[in-house]
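Novice: Residue numbers (this note's numbering): 279 to 630. For glycine and all other residues, C-beta sits at the position ideal for the given N, C-alpha and C.
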Amino acid sequence: MAVALVITVGVIAHGWFARQSAPSMQQQLPTTAHKSLTRKTVPQLDPGNIVIGVNGSETTYVLKGEQYVEGGAHAIEPEDGVLTDNIVTTGTVDTNTPGDYTVQYTVHDSTGHEASATRTVKVVDTMDKQTGGIPVLMYHYVYDPANPPADVDANWIPTTSLEPQLQYLTQNNFYYPSWPEVRAFIDGKHSLPKNSIVMTFDDGEPHFFQYGTPLLAKYKVPATSFIIGADGEALNKMKTYATPYLEYESHSFDMHRAGGTVGHGGRISAMSHQEIVDDLKQSEQVTGSLQAFAYPFGDTTPDAIEAVRETGTLAAFTTQYGWADVGADPMNLPRVRIQGTGSLDTFIAAIQ
Numbered sequence: 279m280a281v282a283l284v285i286t287v288g289v290i291a292h293g294w295f296a297r298q299s300a301p302s303m304q305q306q307l308p309t310t311a312h313k314s315l316t317r318k319t320v321p322q323l324d325p326g327n328i329v330i331g332v333n334g335s336e337t338t339y340v341l342k343g344e345q346y347v348e349g350g351a352h353a354i355e356p357e358d359g360v361l362t363d364n365i366v367t368t369g370t371v372d373t374n375t376p377g378d379y380t381v382q383y384t385v386h387d388s389t390g391h392e393a394s395a396t397r398t399v400k401v402v403d404t405m406d407k408q409t410g411g412i413p414v415l416m417y418h419y420v421y422d423p424a425n426p427p428a429d430v431d432a433n434w435i436p437t438t439s440l441e442p443q444l445q446y447l448t449q450n451n452f453y454y455p456s457w458p459e460v461r462a463f464i465d466g467k468h469s470l471p472k473n474s475i476v477m478t479f480d481d482g483e484p485h486f487f488q489y490g491t492p493l494l495a496k497y498k499v500p501a502t503s504f505i506i507g508a509d510g511e512a513l514n515k516m517k518t519y520a521t522p523y524l525e526y527e528s529h530s531f532d533m534h535r536a537g538g539t540v541g542h543g544g545r546i547s548a549m550s551h552q553e554i555v556d557d558l559k560q561s562e563q564v565t566g567s568l569q570a571f572a573y574p575f576g577d578t579t580p581d582a583i584e585a586v587r588e589t590g591t592l593a594a595f596t597t598q599y600g601w602a603d604v605g606a607d608p609m610n611l612p613r614v615r616i617q618g619t620g621s622l623d624t625f626i627a628a629i630q
């Protein structure tokens, strides 16, 4: 099937279900209006200070005959903030014809700078497939063992442990699907290459940004940072430590605090359905995306799960241990907690 792309990332994230049910073998995705930006004349293709990156692996694999699932991209700029909604996506992918295709993402800032990122889509005749489920790894904080924080516990991982893990993933050619790909895989509608994995870091803690993001960039490992929107420094941290290999998703706006009676006592269990929806929409204003969500403290209730589903989130995660299996409820998925005290062998065993 030939898929022509002329879209913004916002349409990709929230129009995903519509794409799955499209009756035509050939799709022309719509172009949507972008935010109005005041322009100044600058040299063409000058990226200025824009940081843009594709979501997931820069090389995407699609099995011949299956539908291409567009993963999108993310962008941020120090003055303008998150520019993800302004990204324009172009390219054509024919999944009936094996070969390499190019999808390009382009964005401008308010002064007219232009930046772009490119995804290579490989349509293949055969694929050694990921089966059963996919490990979504849950990290929290990263620190320099030469200068450890006073409150180190199992949620803290030293750079001397994180770096060998990233080296292992890189050396063994692990694949990092975008959130739309993860959702399609869980729904049983899309094949992923064997050795697929998702990297997530909760809370947006300063040490993670200081010590973790340089390692992600060094090894070119895409990851998601689940951000707490009510953190007054959230946007500044996102801009200061921006990298093409880190996208931002929701850890709620202001639900990461006490006030409930379920699980770890997070306030989500004391909130109404609409309050949860409103909180997540407010969170999206900070992160620029609501494709994925990590429940604060891992706490859920049946009503909270339905509220998250109502927002159009593609995948939502608890702190329960396990792989995200095909056929599972995408709004109530487990993760594989990576503890800072574990060995490399323990890490390898958890993802195989």
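Could you check whether residue 416 and residue 613 sit closer than 8 Å to each other, using their CB atoms as the reference points?
Specialist: As a first step, residue 613 must be located in the sequence shown, where it is residue number 335. As a first step, residue 416 must be located in the sequence shown, where it is residue number 138. Yes, these two residues count as a Cβ contact at 8 Å.
Novice: When we look at the beta-carbon of residue 542 and count the other beta-carbons within 10 Å, is it buried (16 or more) or exposed?
Specialist: Mapped onto the sequence shown, residue 542 falls at position 264. So residue 542 counts as exposed.
Novice: How far does the beta strand (DSSP E) with residue 612 in it reach, from first residue to last?
Specialist: Walking along the sequence shown from the start, residue 612 turns up at place 334. Taken as a continuous stretch (DSSP letters only), the beta strand (DSSP E) holding residue 612 covers 611-615.
Novice: Entirely within the stretch 392-449 and at least 4 residues each: give me those alpha helix (DSSP H) ranges in chain order.
Specialist: Taking only runs of at least 4 residues, the alpha helix (DSSP H) segments lying wholly in the stretch 392-449 are 437-449.
Novice: Here's the rule: buried if 16 or more other CB atoms are within 10 angstroms of the residue's CB, otherwise exposed. What is residue 408?
Specialist: Walking along the sequence shown from the start, residue 408 turns up at place 130. Classification of residue 408: buried, given that the 10 Å Cβ count is 16 or more.
Novice: Could you check what DSSP says for residue 588 in three-state terms: helix, strand or coil?
Specialist: Taking the first residue of the sequence shown as 1, we reach residue 588 at position 310. Correct three-state label for residue 588: helix.
Novice: Measuring CB to CB, does residue 507 end up less than 8 Å from residue 605?
Specialist: Taking the sequence shown and counting its residues from 1, one reaches residue 507 at position 229. Taking the sequence shown and counting its residues from 1, one reaches residue 605 at position 327. For residue 507 and residue 605, no; Cβs fall outside 8 Å.
Novice: Helix, strand or coil, according to DSSP, for residue 527 in the structure here?
Specialist: Position 249 of the sequence shown, counted from the first residue, corresponds to residue 527. Residue state, collapsed to three classes: strand.
Novice: If you count every other CB in all the chains shown that lies within 10 Å of the CB of residue 364, and 16 or more means buried, which is it?
Specialist: Your numbering for residue 364 matches position 86 in the sequence shown. Per the 10 Å Cβ criterion, buried.
Novice: Which class does residue 561 belong to by DSSP, given the choice of helix, strand or coil?
Specialist: Along the sequence shown, read from residue 1 onward, the residue named residue 561 stands at position 283. Residue 561 falls in the helix class under three-state DSSP.
Novice: Is the separation between the beta-carbon of residue 519 and that of residue 479 shorter than 8 Å?
Specialist: The residue given as residue 519 occupies position 241 in the sequence shown. The residue given as residue 479 occupies position 201 in the sequence shown. No; because the gap between Cβ atoms is not below 8 Å, this pair is not in contact.
Novice: State the CB to CB distance for the pair residue 448 and residue 329, rounded to an integer number of angstroms; the pair is presumed to be in contact (CB under 8 Å).
Specialist: Locating residue 448 in the sequence shown gives position 170, where the first residue counts as 1. Locating residue 329 in the sequence shown gives position 51, where the first residue counts as 1. Wrong, their Cβ atoms sit about 21 Å apart, outside the cutoff.
Novice: Below 8 Å on the Cβ atoms is my contact criterion, and I expect residue 526 with residue 516 to pass it. Report the Cβ-Cβ distance as a whole number of Å.
Specialist: The residue labelled residue 526 in the question sits at position 248 within the sequence shown. The residue labelled residue 516 in the question sits at position 238 within the sequence shown. Their Cβ separation, rounded to whole angstroms, is 6 Å, which keeps residue 526 and residue 516 in contact under 8 Å.
Novice: Taking contact to mean at least 3 C-beta pairs separated by less than 8 Å, is the stretch 584-593 in contact with the stretch 457-471?
Specialist: Yes, since at least three Cβ pairs between the stretch 584-593 and the stretch 457-471 fall closer than 8 Å, the two stretches touch.
Novice: Taking the C-alpha atoms as reference points, what is the distance between residue 372 and residue 401?
Specialist: Taking the sequence shown and counting its residues from 1, one reaches residue 372 at position 94. Taking the sequence shown and counting its residues from 1, one reaches residue 401 at position 123. Spanning the two alpha carbons is a distance of roughly 8 Å.
Novice: Where do the ends of the beta strand (DSSP E) carrying residue 624 lie?
Specialist: Here residue 624 refers to the residue found at position 346 of the sequence shown. That residue, residue 624, is in no beta strand (DSSP E); its alpha helix (DSSP H) goes 622-629.
Novice: Taking 8 Å as the cut-off, decide whether the C-beta atoms of residue 410 and residue 603 are in contact.
Specialist: Residue mapping note: residue 410 aligns to position 132 of the sequence shown, counting from 1. Residue mapping note: residue 603 aligns to position 325 of the sequence shown, counting from 1. Taking 8 Å as the Cβ cut-off, residue 410 and residue 603 qualify as a contacting pair.
Novice: Ordered along the chain, which non-local residues of its own chain (more than five positions away) have a Cβ less than 8 Å from that of residue 432?
Specialist: Within the sequence shown, residue 432 is the residue found at index 154, counting from 1. Hits under 8 Å: 617, 618, 619.
Novice: Spell out a yes or no on whether the stretch 535-555 and the stretch 570-587 are touching, meaning 3 or more CB-CB pairs, one atom from each, closer than 8 Å.
Specialist: Judged by Cβ distances under 8 Å, the stretch 535-555 makes contact with the stretch 570-587, as three or more pairs qualify.
Novice: Report buried or exposed for residue 502, applying the criterion of at least 16 other Cβ atoms within 10 angstroms of its Cβ.
Specialist: Residue numbering aside, residue 502 sits at position 224 when the sequence shown is read from its first letter. Classification for residue 502: buried.
Novice: Cα separation between residue 627 and residue 434?
Specialist: Here the question's residue 627 lines up with position 349 in the sequence shown. Here the question's residue 434 lines up with position 156 in the sequence shown. So the two alpha carbons sit approximately 20 Å from each other.
Novice: According to DSSP, is residue 503 part of a helix, a strand, or is it coil?
Specialist: Locating residue 503 in the sequence shown gives position 225, counting from the first residue. Strand, per DSSP.
Novice: Enumerate, from N- to C-terminal direction, the unbroken beta strand (DSSP E) stretches of 3 or more residues contained entirely within the stretch 461-510.
Specialist: With a minimum length of 3 residues, the continuous beta strand (DSSP E) runs that stay inside the stretch 461-510 are 476-481, 501-505.
Novice: Under a three-way DSSP split, which group does residue 314 fall into?
Specialist: The residue you call residue 314 lines up with position 36 of the sequence shown. Bear in mind that a pLDDT of 35 at residue 314, under 50, signals an unreliable position, so the number given afterwards is only what the model happens to contain. Coil.
Novice: Using three-state DSSP, classify residue 366 as helix, strand or coil.
Specialist: As a working mapping, residue 366 is identified with position 88 in the sequence shown. Correct three-state label for residue 366: strand.
Novice: Pick helix, strand or coil for residue 328, following the three-state DSSP scheme.
Specialist: Position 50 of the sequence shown, counted from the first residue, corresponds to residue 328. Reduced to three states, the DSSP call for residue 328 is coil.
Novice: Who are the Cβ neighbours of residue 625 in its own chain at under 7 Å, not counting the five residues just before and after it?
Specialist: Numbered from its first residue, the sequence shown carries residue 625 at position 347. Excluding residues within five positions, the ones whose Cβ falls inside 7 Å are 443, 616.
Novice: Go ahead and pull the three-state DSSP assignment for residue 452.
Specialist: As a working mapping, residue 452 is identified with position 174 in the sequence shown. Reduced to three states, the DSSP call for residue 452 is coil.
Novice: Apply the 10 Å Cβ neighbour rule to residue 599 and answer buried if 16 or more other Cβ atoms are within range, or exposed otherwise.
Specialist: On the sequence shown, position 321 is the one that residue 599 refers to. With fewer than 16 other Cβ atoms within 10 Å, it is exposed.
Novice: Confirm, please, whether the CB-CB distance from residue 334 to residue 455 is below 8 Å.
Specialist: Mapped onto the sequence shown, residue 455 falls at position 177. Mapped onto the sequence shown, residue 334 falls at position 56. The answer is yes: Cβ separation under 8 Å.
Novice: For residue 622, count neighbouring C-beta atoms within 10 Å of its own C-beta (all shown protein chains included) and say buried if the count is 16 or more, exposed if not.
Specialist: Stepping through the sequence shown from its first residue, residue 622 is reached at position 344. It is exposed - the Cβ of residue 622 has fewer than 16 other Cβ atoms within 10 Å.
Novice: Could you check the C-alpha separation between residue 404 and residue 341 for me, to the nearest Å?
Specialist: If you number the sequence shown from 1, residue 404 lands on position 126. If you number the sequence shown from 1, residue 341 lands on position 63. Near 6 Å, if we compare the C-alpha coordinates of residue 341 and residue 404.
Novice: Check each candidate in 574, 436, 552 and name the one with the smallest Cα separation from residue 538.
Specialist: The residue labelled residue 538 in the question sits at position 260 within the sequence shown. When only C-alpha atoms are compared, the closest one is 574.
Novice: If you drop the 5 nearest sequence neighbours on each side, which residues of the same chain put their C-beta closer than 7 Å to that of residue 422?
Specialist: Locating residue 422 in the sequence shown gives position 144, counting from the first residue. So the list reads 437, 489, once near-sequence residues are dropped.
Novice: According to the neighbour-count rule (16 or more other Cβ atoms, all chains shown, within 10 Å of its Cβ), is residue 345 buried or exposed?
Specialist: Counting from one through the sequence shown, the residue named residue 345 turns up at place 67. Label assigned to residue 345: buried.
Novice: Who are the near neighbours of residue 491 in its chain, counting only those whose CB is closer than 7 Å to its CB and skipping five residues on each side?
Specialist: Reading the sequence shown from its first residue, position 213 is the one you call residue 491. Answer for residue 491: 519, 521, 524, listed in chain order.
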